[in-house]
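Participant: After the structure tokens below, expect a handful of questions from me.
There are 2 protein chains.
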Amino acid sequence: MEVKHEIRIRFQNRVETINCLDGSNLLDLLHQHGYSVYSPCGGKGRCGKCIVRVRGEAGSLTDPERRHLTRSQIEDGFRLACQVRASGTFEIDLSSADQLVILSEGTETPFKPDPRIRQRQIRLEQPSIDKQHDYWHRIRELGFKAATPRALQRLGTLAQKQDLVVTYSGSRILDIDELTSGTASRAAYGIAVDVGTTTVVLYLLDLTNGFQVGAHAFANPQSRYGADVITRIDYTLSRAGGAEDLKNSLLEALNQGVRELAGKNGLDPGRIYHAVFAGNTVMLHMLLGVNAASIANAPYVPIFTDGLEFSADELGLKIHPDGIVELLPCVSGYVGADIIADLLVADFESDSWRLLVDIGTNGEIILGNKERVFACSAAAGPAFEGANITFGMSGVPGAIAAYRIEDNGEVSWQTISSQEPRGICGSGLVDIIAALYSRGFVSPSGAFREDAPLEQYQGQRAYRVVPGKEIFLTQKDVREYQLAAGAIAAGIKVLIGEAGISEADIDRFYLAGGFGSYINPESASVLGLIPKSLLAKVVKLGNGAGAGARQYLLDRGAKARADELKQKITYVELSARKDFQKHFMEAMLFPE
Amino acid sequence: MEVKHEIRIRFQNRVETINCLDGSNLLDLLHQHGYSVYSPCGGKGRCGKCIVRVRGEAGSLTDPERRHLTRSQIEDGFRLACQVRASGTFEIDLSSADQLVILSEGTETPFKPDPRIRQRQIRLEQPSIDKQHDYWHRIRELGFKAATPRALQRLGTLAQKQDLVVTYSGSRILDIDELTSGTASRAAYGIAVDVGTTTVVLYLLDLTNGFQVGAHAFANPQSRYGADVITRIDYTLSRAGGAEDLKNSLLEALNQGVRELAGKNGLDPGRIYHAVFAGNTVMLHMLLGVNAASIANAPYVPIFTDGLEFSADELGLKIHPDGIVELLPCVSGYVGADIIADLLVADFESDSWRLLVDIGTNGEIILGNKERVFACSAAAGPAFEGANITFGMSGVPGAIAAYRIEDNGEVSWQTISSQEPRGICGSGLVDIIAALYSRGFVSPSGAFREDAPLEQYQGQRAYRVVPGKEIFLTQKDVREYQLAAGAIAAGIKVLIGEAGISEADIDRFYLAGGFGSYINPESASVLGLIPKSLLAKVVKLGNGAGAGARQYLLDRGAKARADELKQKITYVELSARKDFQKHFMEAMLFPE
Numbered sequence: 003m004e005v006k007h008e009i010r011i012r013f014q015n016r017v018e019t020i021n022c023l024d025g026s027n028l029l030d031l032l033h034q035h036g037y038s039v040y041s042p043c044g045g046k047g048r049c050g051k052c053i054v055r056v057r058g059e060a061g062s063l064t065d066p067e068r069r070h071l072t073r074s075q076i077e078d079g080f081r082l083a084c085q086v087r088a089s090g091t092f093e094i095d096l097s098s099a100d101q102l103v104i105l106s107e108g109t110e111t112p113f114k115p116d117p118r119i120r121q122r123q124i125r126l127e128q129p130s131i132d133k134q135h136d137y138w139h140r141i142r143e144l145g146f147k148a149a150t151p152r153a154l155q156r157l158g159t160l161a162q163k164q165d166l167v168v169t170y171s172g173s174r175i176l177d178i179d180e181l182t183s184g185t186a187s188r189a190a191y192g193i194a195v196d197v198g199t200t201t202v203v204l205y206l207l208d209l210t211n212g213f214q215v216g217a218h219a220f221a222n223p224q225s226r227y228g229a230d231v232i233t234r235i236d237y238t239l240s241r242a243g244g245a246e247d248l249k250n251s252l253l254e255a256l257n258q259g260v261r262e263l264a265g266k267n268g269l270d271p272g273r274i275y276h277a278v279f280a281g282n283t284v285m286l287h288m289l290l291g292v293n294a295a296s297i298a299n300a301p302y303v304p305i306f307t308d309g310l311e312f313s314a315d316e317l318g319l320k321i322h323p324d325g326i327v328e329l330l331p332c333v334s335g336y337v338g339a340d341i342i343a344d345l346l347v348a349d350f351e352s353d354s355w356r357l358l359v360d361i362g363t364n365g366e367i368i369l370g371n372k373e374r375v376f377a378c379s380a381a382a383g384p385a386f387e388g389a390n391i392t393f394g395m396s397g398v399p400g401a402i403a404a405y406r407i408e409d410n411g412e413v414s415w416q417t418i419s420s421q422e423p424r425g426i427c428g429s430g431l432v433d434i435i436a437a438l439y440s441r442g443f444v445s446p447s448g449a450f451r452e453d454a455p456l457e458q459y460q461g462q463r464a465y466r467v468v469p470g471k472e473i474f475l476t477q478k479d480v481r482e483y484q485l486a487a488g489a490i491a492a493g494i495k496v497l498i499g500e501a502g503i504s505e506a507d508i509d510r511f512y513l514a515g516g517f518g519s520y521i522n523p524e525s526a527s528v529l530g531l532i533p534k535s536l537l538a539k540v541v542k543l544g545n546g547a548g549a550g551a552r553q554y555l556l557d558r559g560a561k562a563r564a565d566e567l568k569q570k571i572t573y574v575e576l577s578a579r580k581d582f583q584k585h586f587m588e589a590m591l592f593p594e
Numbered sequence: 003m004e005v006k007h008e009i010r011i012r013f014q015n016r017v018e019t020i021n022c023l024d025g026s027n028l029l030d031l032l033h034q035h036g037y038s039v040y041s042p043c044g045g046k047g048r049c050g051k052c053i054v055r056v057r058g059e060a061g062s063l064t065d066p067e068r069r070h071l072t073r074s075q076i077e078d079g080f081r082l083a084c085q086v087r088a089s090g091t092f093e094i095d096l097s098s099a100d101q102l103v104i105l106s107e108g109t110e111t112p113f114k115p116d117p118r119i120r121q122r123q124i125r126l127e128q129p130s131i132d133k134q135h136d137y138w139h140r141i142r143e144l145g146f147k148a149a150t151p152r153a154l155q156r157l158g159t160l161a162q163k164q165d166l167v168v169t170y171s172g173s174r175i176l177d178i179d180e181l182t183s184g185t186a187s188r189a190a191y192g193i194a195v196d197v198g199t200t201t202v203v204l205y206l207l208d209l210t211n212g213f214q215v216g217a218h219a220f221a222n223p224q225s226r227y228g229a230d231v232i233t234r235i236d237y238t239l240s241r242a243g244g245a246e247d248l249k250n251s252l253l254e255a256l257n258q259g260v261r262e263l264a265g266k267n268g269l270d271p272g273r274i275y276h277a278v279f280a281g282n283t284v285m286l287h288m289l290l291g292v293n294a295a296s297i298a299n300a301p302y303v304p305i306f307t308d309g310l311e312f313s314a315d316e317l318g319l320k321i322h323p324d325g326i327v328e329l330l331p332c333v334s335g336y337v338g339a340d341i342i343a344d345l346l347v348a349d350f351e352s353d354s355w356r357l358l359v360d361i362g363t364n365g366e367i368i369l370g371n372k373e374r375v376f377a378c379s380a381a382a383g384p385a386f387e388g389a390n391i392t393f394g395m396s397g398v399p400g401a402i403a404a405y406r407i408e409d410n411g412e413v414s415w416q417t418i419s420s421q422e423p424r425g426i427c428g429s430g431l432v433d434i435i436a437a438l439y440s441r442g443f444v445s446p447s448g449a450f451r452e453d454a455p456l457e458q459y460q461g462q463r464a465y466r467v468v469p470g471k472e473i474f475l476t477q478k479d480v481r482e483y484q485l486a487a488g489a490i491a492a493g494i495k496v497l498i499g500e501a502g503i504s505e506a507d508i509d510r511f512y513l514a515g516g517f518g519s520y521i522n523p524e525s526a527s528v529l530g531l532i533p534k535s536l537l538a539k540v541v542k543l544g545n546g547a548g549a550g551a552r553q554y555l556l557d558r559g560a561k562a563r564a565d566e567l568k569q570k571i572t573y574v575e576l577s578a579r580k581d582f583q584k585h586f587m588e589a590m591l592f593p594e
């Protein structure tokens, strides 16, 4: 007789008990029972992300666990699920989601998927001369209420078959297949899309179990019409059909991305039935071909902010033509659906106050608790994305992302993908200026000091970042940083004032977005971008927009939560406020 | 001061009083106040259709009225609305809809349109720094709940305008226009389509006032795949993609018809927002590309019978892509949406029993009152459409549609469009056989008598229909008629038995369909196709399918009535019944 073990899974308020054979892999077991545990390396022990807390006989630690887990994690019973093999009865706890987010610096919390798109096996009773109801009537009797013309065509083709699988949303049937032994032809997939101004990321998920099948990133092809949203809006104003051009260029790239991602994973794009889009407000307007000019000028009012829903065919997205397309809601012209997605992943359902900052071209700032939420967008300018910085570049291979000056004056740096340094991205910029300020080479007002080790670059005093390389930081670059960081720091102060609280009331400071993932909080704190008192409360959220879109795809309840957040948020327009100007002047100075 | 008159309009249970200038045309006045009065000649006094009942000072009779109205109509106060000019106070009655149908042999009853597609003028408050709600939010505040991506694109383009016109259905916006002085660019039109196996008829209606703008008929191009539905179904079985071929051929012709009809009337097909389809069950399956094979074989079960709704884009119909497409519900495989459309126009909301017969390839028969409705389909074969008859042809120019043998033996005939006789259509066939039977040339069993004036045609005894012309009626033709008519007469008897009533309980006998419009009820009665006792109760409904589809388009309440009818109808499958066989044998004999 085979040895069997019992595993108890604690998740939210439930406990589920599953039985397994001796030696079963815990990560596989969790996936088989519908728990989505983030495991980007596929269970090979390489990524160290599938952290779970285990009590009981879970076997001894493996090398990958020793590499990825800290001593205190190990003491607290954390393990990598992919490394645990059932060798006795034990219990695992998936409830401490918060802790997982912090520990893994990842963005996924484990959950059982509850997607809108579902599949169900049905048996179609064949008609007789006494029971002449039509086939669709027989399906309606099972509780379905509507079907697309294509689903009816499929029904016409499959009418003689008895065992069918219907793919549906609510009570509406989108597709019908014959029940066959293989599952590949009748799986249901979804895509979550984070439409960034610069980069678009597509995530492909299996809706039947919530697993991420693959991901694909590509440069937003609208860049050819302008690097930033304002230039793109200008393009739509300068020619008839401009909004259509922008829509089409994005849509073509999306469709190609879907084809590639599906092809690489050996599946038909027609098996994708749901697409969820997060992105800033202008990107979502441009995705629909809606003129966004009103966002560019005061009073900066978008055409729409609601979450919207269409068919894939209506949008022109080449997944299943009757697939559902949803856009997450936005808050205002400059607080978009990407921020709502961040908030779906962060935890604002708390008594205490939380702060979230997502820095890109603008810095979106959210301050709230479960009762009240305030939002603003600080026009930081694209300094953190490398624009306006002499040797600035975005976070691509070769960008200096981390930088230190040792006590002995030696410098060290890290570049993205460890390539030869070619320039400076946002997190590198913060590190370099913080290092110069700490060494006393820059004054609190941001001016290079007379005694700083400077050279001349194109007629300006400049700091050579990498010895022997032509990569400089100029006085102007420091000024650009001060403008950008000052706007964000001032925005935080305005919201704190608006909420009537103090910094001490904030118990968590989420950093979201790519820049937020790379930034060194210590350096940001040295320069005042992160208030000193909040440094210990920093939580990196990673790509919250993508994670929130994935959650929207896998959890029917996410839409209600997003709509509730949108309703709850009080948008604070900074451009109209005197206190913002005052804080801005102060925040440009580095803390003494 | 101008002379003014008061006109009181009785309509259903309401009386509306309108004021008008002396000499105003009554038809124009009715149209201006939203009453749809059938007037295909456009008020020129040529068609004689716009019959209304008038009491009071309505001026003297005109020549067109003397031509079109019978003496008894004139005595009862009926007038042609286009000929009446206001010369005093008078009252008109639009309530006697039944009477109008009978009198005009038309299919329209006057009514105020209440379409699903509506237009509304809105004023868009411009945003300010204090009121930053997005534009769509401002429109939602007016009571709308959803908009298509295209409508949002339009909103983006028109955001700076203050006065807009929205075209909507329910609370969903389909289109947005700027309010301009002209109305052409922002009217809303609909099409009602009767998809016949042989002929497709498109009606174009102005949804803002209910007027019929034009109509267009074309041969169903699916004929190239087979003249009848069974041959077409065989085609779909014989090759992959066959159902798609049939769909595409019909859709292409529909789209061309829409283009032509819109073009002829100087309007953009994109201003058509609603399309309603009636037709037999197989045609509606083929319109959607749904395989109809299950209808061809016992137990004759269709894939769907429900009324369905899609977007124009989903179907591939080239009206406004977000336009609504609706299919009327069917009852069974051989009692289709065309019959439901007939019933919307006929009056079955009565205490007494009504009978409706719609003869085409099959004869659909409906017997009911406001409580119970029975339906069956008698497989009459296509004899009445000219098939299987030696010189048979459909009702096209040159077909003998009426025929008499005078007491002196002279024959007279009428052909369609008064062209040279080329063959015999269904109503001509009935007249010829009735004349031969009345003269004693044919026995009650349908055999040519020995003493009949017959010739030889292709080795058969045959009656030369037109002296000097090679148009014959053969013994086999009489047999074909007997089979077709016998099936219908037997179907009527089965339903009467099913309802547990007698012929005397029936107080109205509606004849629907093209053949029903042309048939001479006297002749049909001579041959027993129409029972003698019901002859005086015959009402010709004209093209009920087209009229019912138009009503569906113009009246939001029609869908609920159609669904109720579908629910109420008990379908009686004749092929399974012994009593049908018995009645059929008897009904093939002519009454003695």
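These protein sequence lines are chains B and A, in that order.
So the first sequence is numbered by the numbering used here: it starts at 3 and just counts up by one.
So the second sequence is numbered by the numbering used here: it starts at 3 and just counts up by one.
Don't be surprised by glycine CBs; every beta carbon is placed ideally from N, CA and C.
1. Work out the CA separation of Thr200/B and Met285/B for me, nearest whole Å.
2. Does Glu482/A get closer than 8 angstroms to chain B when you measure Cβ to Cβ?
3. What in chain A is Cβ-close to Pro151/B, meaning under 7 angstroms?
4. Between the region 403-417 of chain A and the region 498-513 of chain A, do three or more beta carbon pairs fall short of 8 angstroms?
5. Just to confirm the assignment, what range does the alpha helix (DSSP H) spanning Glu500/A have?
6. Between Ala161/A and chain B, is the shortest Cβ-Cβ distance under 8 angstroms, so that the two count as touching?
7. Looking only at DSSP bridge pairs, what is Arg81/A linked to?
8. Is the CB of Phe582/B under 8 angstroms away from at least one CB in chain A?
9. Examine the Cβ distances between the region 439-449 of chain A and the region 350-357 of chain A and report whether three or more of them are shorter than 8 angstroms.
10. For Leu310/A, write down the residues that DSSP places opposite it in a beta bridge.
11. For Asp78/B, which residues in the same chain have their Cβ closer than 8 angstroms to its Cβ, ignoring the five residues on either side in sequence?
12. At 9 angstroms on the CB atoms, spell out the chain A contacts of Tyr573/B, in chain order.
13. Buried or exposed, going by whether 16 or more other CB atoms sit within 10 Å of the CB of Gln85/A?
14. Near Asn267/A, which residues of its chain fall below 6 angstroms by C-beta distance, leaving aside the five closest residues on each side in sequence?
15. Since Leu204/B contacts Leu263/B with CB under 8 angstroms, what's their CB separation in whole angstroms?
16. Unbroken beta strand (DSSP E) runs of length 3 or more, entirely within the region 365-451 of chain A: which are they?
17. Indicate whether the contact test is met: 3 or more Cβ pairs, each with one atom in the region 465-474 of chain B and one in the region 359-374 of chain B, closer than 8 angstroms.
18. Does DSSP classify Glu594/A as helix, strand or coil?
19. What in chain A is Cβ-close to Ser334/B, meaning under 7 angstroms?
20. Name the residues in the region 196-210 of chain B whose C-beta lies less than 8 angstroms from a C-beta of chain A; which are they?
21. Would a check of beta-carbon distances place His139/A closer than 8 angstroms to chain B?
22. At a CB-CB cut-off below 8 angstroms, which residues of chain A make contact with Gln155/B?
23. Roughly how many angstroms lie between the CA atoms of Phe517/B and Ala526/B, to the nearest whole one?
24. Report buried or exposed for Ala449/A, applying the criterion of at least 16 other Cβ atoms within 10 angstroms of its Cβ.
25. For Glu457/A, which residues of its own chain have a beta-carbon under 7 angstroms away from its beta-carbon, when the five flanking residues on both sides are left out?
Facilitator: On the basis of the coordinates in this document:
1. Counting from 1 along the first sequence, the entry for residue 285/B is found at position 283. Counting from 1 along the first sequence, the entry for residue 200/B is found at position 198. Per the coordinates, the alpha-carbon of Met285/B lies some 10 angstroms from the alpha-carbon of Thr200/B.
2. Your numbering for residue 482/A matches position 480 in the second sequence. False, the Cβ-Cβ gap to chain B never drops below 8 angstroms.
3. Residue numbering aside, residue 151/B sits at position 149 when the first sequence is read from its first letter. Result: Leu290, Phe312, Glu316, Leu317.
4. The region 403-417 of chain A, when compared against the region 498-513 of chain A, does not touch it at the 8 angstroms Cβ threshold.
5. Reading the second sequence from its first residue, position 498 is the one you call residue 500/A. Unbroken alpha helix (DSSP H) run through Glu500/A: 477-501.
6. Locating residue 161/A in the second sequence gives position 159, counting from the first residue. Cβ-Cβ to chain B under 8 angstroms: yes for Ala161/A.
7. Position 79 of the second sequence, counting from 1, holds the residue named residue 81/A. As DSSP reads the structure, Arg81/A sits in a beta bridge with Val54/A.
8. Translated into positions along the first sequence, residue 582/B becomes position 580. Not closer than 8 angstroms to any Cβ of chain A, the Cβ of Phe582/B fails to qualify, so no.
9. Per the Cβ contact rule, the region 439-449 of chain A is not in contact with the region 350-357 of chain A (fewer than 3 Cβ pairs under 8 angstroms).
10. Counted from its first residue, the second sequence places residue 310/A at position 308. Paired residues: Leu329/A.
11. Within the first sequence, the letter at position 76 stands for residue 78/B. Cβ within range, chain order: Arg55.
12. Stepping through the first sequence from its first residue, residue 573/B is reached at position 571. The answer, in chain order, is Gln134.
13. Position 83 of the second sequence holds residue 85/A. Counting Cβ neighbours within 10 Å, Gln85/A comes out buried, since at least 16 surround it.
14. For the purposes of this step, residue 267/A is identified with residue 265 of the second sequence, where counting begins at 1. Cβ within range, chain order: Val215, Gly216.
15. Your numbering for residue 204/B matches position 202 in the first sequence. Your numbering for residue 263/B matches position 261 in the first sequence. Right, the Cβ-Cβ distance comes to about 6 angstroms (below 8 angstroms), so this counts as a contact.
16. The region 365-451 of chain A contains these whole beta strand (DSSP E) runs: 365-370, 375-380, 401-407, 413-417.
17. No: fewer than three Cβ pairs fall under 8 angstroms.
18. Residue mapping note: residue 594/A aligns to position 592 of the second sequence, counting from 1. Glu594/A sits in coil when the DSSP states are folded into three classes, being neither helix nor strand.
19. By one-based count along the first sequence, residue 334/B stands at place 332. Ordered by position in chain A, the residues that pass the 7 angstroms Cβ test against Ser334/B are Gln134.
20. Listed by position, the residues of the region 196-210 of chain B near chain A (Cβ gap below 8 angstroms) amount to none.
21. Start at 1 with the first residue of the second sequence, and residue 139/A comes out as number 137. Yes, His139/A counts as interfacial toward chain B.
22. Within the first sequence, numbered from 1, the residue matching residue 155/B stands at position 153. Gln155/B reaches chain A at Ala245, Leu290, Gly291, Val292, Asn293, counting residues in chain order whose Cβ is nearer than 8 angstroms.
23. Here residue 517/B refers to the residue found at position 515 when the first sequence is read from its first residue. Here residue 526/B refers to the residue found at position 524 when the first sequence is read from its first residue. Taking the straight line from one Cα to the other gives about 12 angstroms.
24. Walking along the second sequence from the start, residue 449/A turns up at place 447. It counts as exposed.
25. As a first step, residue 457/A is located in the second sequence; it is residue number 455 there, counting from the start. If we look at Glu457/A and ignore the five residues flanking it on each side, its Cβ neighbours are Ala464, Arg466.
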